[in-house]
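Chemist:
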Amino acid sequence: MIRVLIADDQELIRQSLSFVLDAQADITMVGTASNGREAIELVRKEKPDVVLMDIRMPEVDGVECTRLIKAAHPQIKVIILTTFDDDEYVFGALRYGASGYLLKGVSVSELANAVREVVRGGSIIMPGVASKALEMFARMARGSMQIAVDTQQTASLQENEWRVIREVGCGKSNKEIAAALCLSEGTVRNYLSSVLSKLDLRDRTQLAIWAVQTGVTADPYGDRT
Numbered sequence: 001m002i003r004v005l006i007a008d009d010q011e012l013i014r015q016s017l018s019f020v021l022d023a024q025a026d027i028t029m030v031g032t033a034s035n036g037r038e039a040i041e042l043v044r045k046e047k048p049d050v051v052l053m054d055i056r057m058p059e060v061d062g063v064e065c066t067r068l069i070k071a072a073h074p075q076i077k078v079i080i081l082t083t084f085d086d087d088e089y090v091f092g093a094l095r096y097g098a099s100g101y102l103l104k105g106v107s108v109s110e111l112a113n114a115v116r117e118v119v120r121g122g123s124i125i126m127p128g129v130a131s132k133a134l135e136m137f138a139r140m141a142r143g144s145m146q147i148a149v150d151t152q153q154t155a156s157l158q159e160n161e162w163r164v165i166r167e168v169g170c171g172k173s174n175k176e177i178a179a180a181l182c183l184s185e186g187t188v189r190n191y192l193s194s195v196l197s198k199l200d201l202r203d204r205t206q207l208a209i210w211a212v213q214t215g216v217t218a219d220p221y222g223d224r225t
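Under full-length UniProt numbering, the residue at position 147 of the sequence shown is numbered 147, and the numbers go up by one with no gaps.
1. Provide the residue span of the beta strand (DSSP E) that contains residue 276, from first to last.
2. Evaluate asparagine 190 with the Cβ neighbour count: other Cβ atoms within 10 Å of its Cβ, from every protein chain shown; 16 or more gives buried, anything less gives exposed.
3. Over what stretch of residues does the beta strand (DSSP E) that includes leucine 207 continue unbroken?
4. For residue 298, does the three-state DSSP call read helix, strand or coil?
5. Only counting the same chain, and skipping five residues up and downstream in sequence, which positions put a Cβ closer than 6 Å to that of glycine 169?
6. If distances are taken between C-alpha atoms only, which option among Arg163, Glu38, Ala93 and Gln75 comes closest to threonine 82?
7. I'd like to know whether the C-beta atoms of arginine 67 and threonine 28 end up nearer to each other than 8 Å.
8. Determine the DSSP secondary structure at isoleucine 13, reduced to helix, strand or coil.
9. Do valine 119 and valine 50 have their CB atoms nearer than 8 Å?
10. According to DSSP, is residue 226 part of a helix, a strand, or is it coil?
11. Smallest Cα separation from aspartate 54: which of Glu110, Ile79 and Leu183?
12. Beta-carbon separation of aspartate 9 and proline 58 under 8 Å?
13. Out of Ile69, Ala33, Leu199 and Asn113, which one is the CA nearest neighbour of aspartate 150?
14. Once the 5 residues before and after threonine 205 are set aside, which same chain residues still bring their CB inside 6 Å of it?
15. When you compare each of Pro74, Val63, Glu161 and Ser109 to arginine 202 by their alpha carbons, which one comes out closest?
16. So valine 195 and isoleucine 177 are in contact, right, with Cβ under 8 Å, and what is the actual spacing, rounded?
17. Between leucine 5 and serine 16, what straight-line distance do the alpha-carbon atoms span, to the nearest angstrom?
18. Provide the residue(s) that pair with lysine 175 in DSSP beta bridges, ordered along the chain.
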């Protein structure tokens, strides 16, 4: 059973998301928080698998809340709930380890599948905002946050792993990568796990930033072998 906590300062959002997620056979709600400070306290008490995090909250905003939660509980996944106006906030949350973001108002199936995907180790970037994600990754790559990978670590990467890295850097989901490379989603997940282990990277977001920094996304095949 996937344990989920919702942090949002709007009561209607908290109630509606709780209702639809609790109706899923494999998901259970463990709490709701109306501000960031309350969210941190509930996370410490309940140890959820996933936190659905509003980006703009009183007392402690979603960016700082993400930073504190991931620092204390790196295994807990955070999905940011956002609007089109929250780009810079999302940028900060991704830097601190959020597994992706959803626009408020997504369908029930998209929301539930997003929760399942991050628990499996994936990341969530909705198709409608994928271009914004790429812009964010590019800004990260040009900015102060540099992802360091030793050249010896890349030496053991296989051809298909390079191709998967390229697709991740382009903001594609596991399903989209599987379709593009004619692989199963399970195989894509296995490649991603292998790549993260070989490069000693924390998560998919760091991998995407590194792919942009190093120019892998500009490689026609993503193959450096």
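Every residue gets a Cβ at the ideal spot worked out from N, C-alpha and C, and that includes glycine. None of these values were measured; they are calculated from a predicted model.
Modeler: Let me spell this out:
1. The first residue shown for the chain is 1 and the last is 225, placing residue 276 beyond what the model contains.
2. exposed
3. That residue, leucine 207, is in no beta strand (DSSP E); its alpha helix (DSSP H) goes 204-214.
4. Because residue 298 is not part of the residues shown, which for the chain are 1 to 225, the question remains open.
5. Around glycine 169: Ala208, Ala211, Val212, Val216 and Thr217.
6. Ala93
7. With contacts defined by Cβ atoms closer than 8 Å, arginine 67 and threonine 28 do not form a contacting pair.
8. If DSSP states are grouped into helix, strand and coil, isoleucine 13 belongs with the helices.
9. yes
10. Nothing in the structure corresponds to residue 226, since the chain is present only between 1 and 225.
11. Ile79
12. yes
13. Leu199
14. Short of 6 Å from the beta carbon of threonine 205, and not among the five residues preceding or following it, lie these beta carbons of its own chain, in chain order: Leu94.
15. Closest option to arginine 202, Cα to Cα, is Pro74.
16. That belief does not hold up - the Cβ atoms of valine 195 and isoleucine 177 are roughly 12 Å apart, past 8 Å.
17. For leucine 5 and serine 16, the distance between alpha carbons rounds to 13 Å.
18. Note: lysine 175 sits in no beta bridge, so no partner.
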